[in-house]
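Written out below as structure tokens is the structure these notes cover.
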Amino acid sequence: MDLHGVTTQQWAVLGALARPSAAAAGLTVKELIAYLMVSRQNLTAVLQRLESAELITRLRGTRDGRERRIGLSDRGRAVWTAM
Numbered sequence: 143m144d145l146h147g148v149t150t151q152q153w154a155v156l157g158a159l160a161r162p163s164a165a166a167a168g169l170t171v172k173e174l175i176a177y178l179m180v181s182r183q184n185l186t187a188v189l190q191r192l193e194s195a196e197l198i199t200r201l202r203g204t205r206d207g208r209e210r211r212i213g214l215s216d217r218g219r220a221v222w223t224a225m
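In our numbering, the protein residues as written are 143 to 225.
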């Protein structure tokens, strides 16, 4: 299924990132895996496609420079709102 150019797996990730608790600081990959109950391998591929489509951003964590937090880009927020 393809909604607004987004697969159902991508829709689930965008929805997780659009939640109020995640919108401000984003989520780590580990947090997304736990919330969505998916494998790292499956999530990595989905995140790569969302990043290529400029729907998400990967930001450096504030506590640990190695940590990456995933968040919605402005375009990702617009697509989520349109859906």
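Quick reminder that beta carbons are idealized off the backbone N, C-alpha and C, glycines included. These figures come from a predicted structure and were not determined experimentally.
key: Ser-181 to Ala-166 span [Cα, whole Å]   = Here the question's residue 181 lines up with position 39 in the sequence shown. Here the question's residue 166 lines up with position 24 in the sequence shown. Roughly 24 angstroms between the two C-alpha positions.
task = Determine, using beta carbons only, whether Leu-169 and Leu-159 come nearer to each other than 9 angstroms.
result = The count along the sequence shown starts at 1 and reaches residue 169 at position 27. The count along the sequence shown starts at 1 and reaches residue 159 at position 17. Cβ atoms of Leu-169 and Leu-159: closer than 9 angstroms.
query = Excluding the five sequence neighbours on either side, which residues of its own chain have a C-beta within less than 8 angstroms of the C-beta of Ala-187, listed in chain order?
reply = Locating residue 187 in the sequence shown gives position 45, counting from the first residue. So the list is empty, once near-sequence residues are dropped.
key: Residues bridged to Arg-210 [DSSP beta-bridge criterion]   = Here residue 210 is taken as the residue at index 68 of the sequence shown, counted from 1. Arg-202, per the DSSP bridge assignment.
ask   = Short check: CB of Gly-218 to CB of Leu-197, under 9 angstroms?
value = Here residue 218 corresponds to residue number 76 of the sequence shown, with the count starting at 1. Here residue 197 corresponds to residue number 55 of the sequence shown, with the count starting at 1. Result yes, Cβ atoms of Gly-218 and Leu-197 sit closer than 9 angstroms.
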